[in-house]
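In what follows, a single structure is set out as structure tokens and then discussed.
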Amino acid sequence: MSQPPNPHDILAIRNTLSRYCEALDTKVLSLLDKVFLPDVTADYPFNSNLKGAEAVRNAIHNRLGPISTHHSLTTQTIRIAADGKTANTTTHFTGAHFGQGPHAGKVLTAYGRYIDQLVCLDAADGDYEGVPGASGIWRIQKRTVGFTARIGDEKIMAEF
Numbered sequence: 035m036s037q038p039p040n041p042h043d044i045l046a047i048r049n050t051l052s053r054y055c056e057a058l059d060t061k062v063l064s065l066l067d068k069v070f071l072p073d074v075t076a077d078y079p080f081n082s083n084l085k086g087a088e089a090v091r092n093a094i095h096n097r098l099g100p101i102s103t104h105h106s107l108t109t110q111t112i113r114i115a116a117d118g119k120t121a122n123t124t125t126h127f128t129g130a131h132f133g134q135g136p137h138a139g140k141v142l143t144a145y146g147r148y149i150d151q152l153v154c155l156d157a158a159d160g161d162y163e164g165v166p167g168a169s170g171i172w173r174i175q176k177r178t179v180g181f182t183a184r185i186g187d188e189k190i191m192a193e194f
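Here it is as structure tokens:
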């Protein structure tokens, strides 16, 4: 019989997923090193079949680098496997993209979901990334992003 999931792991997973939004909105893309495994695979609507954290970081920089954004996570399901070392999550999001230059005052809002597979790694030097009691640190191994809707002027993403 398997053990129930460690409730501290739920918080650690949520923090990992939230860190992604923080990286996008602050443009501190080095934070993505604490979100993704180095060999992550990712499929975004704007860039599919990405392999490796560096490829994901570059794709995000190319897409959002000059754009001010605000990402919010909403409804979420977290399923930790019986081994306590892997998890699957579905997290709905809203991402606001704020127009600049000729599009100042306009907003493009994206609605969608992140479907992630995560793995739990040993915490180096006891650093549980702010979640004492977690089984380790959690990183995304595979991400699929899907849009539900995009509302606003798509030119915001191309004309600054």
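Per this note's numbering, the very first residue in the sequence shown carries number 35; after that it's consecutive.
Built from N, CA and C at the ideal position, the CB exists for glycine as well.
Computed from a prediction, not measured in an experiment: that's the story for all the values here.
Can you have a look at residue i and say buried or exposed, based on whether 16 or more other CB atoms are within 10 angstroms of its CB?
i: I185; result: exposed
i: L142; result: buried
i: D161; result: exposed
i: A183; result: exposed
i: L51; result: buried
i: T108; result: exposed
i: L84; result: buried
i: R173; result: buried
i: V62; result: exposed
Sort out for me which residues DSSP pairs residue i with in a bridge.
i: H105; result: G129
i: Q110; result: T125
i: G146; result: F127 and F181
i: K176; result: T75 and Q151
Does DSSP put residue i in a helix, in a strand, or in coil?
i: A57; result: helix
i: K85; result: strand
i: K140; result: coil
i: K119; result: coil
i: A76; result: strand
i: G160; result: helix
At the level of alpha carbons, what is the spacing between residue i and residue j?
i: E193; j: Q134; result: 8 angstroms
i: G86; j: Y54; result: 15 angstroms
i: F80; j: V90; result: 11 angstroms
i: T103; j: T60; result: 8 angstroms
i: P41; j: L65; result: 24 angstroms
i: R147; j: N122; result: 13 angstroms
i: G170; j: T111; result: 20 angstroms
If we call anything under 8 angstroms between Cβ atoms a contact, is residue i one with residue j?
i: K176; j: T75; result: yes
i: A57; j: V165; result: no
i: V67; j: V179; result: Correcting the residue type first, residue 67 is Asp in the shown sequence and not Val. Cβ atoms of D67 and V179: not closer than 8 angstroms.
i: P39; j: G118; result: yes
i: H131; j: I101; result: yes
i: D43; j: A157; result: no
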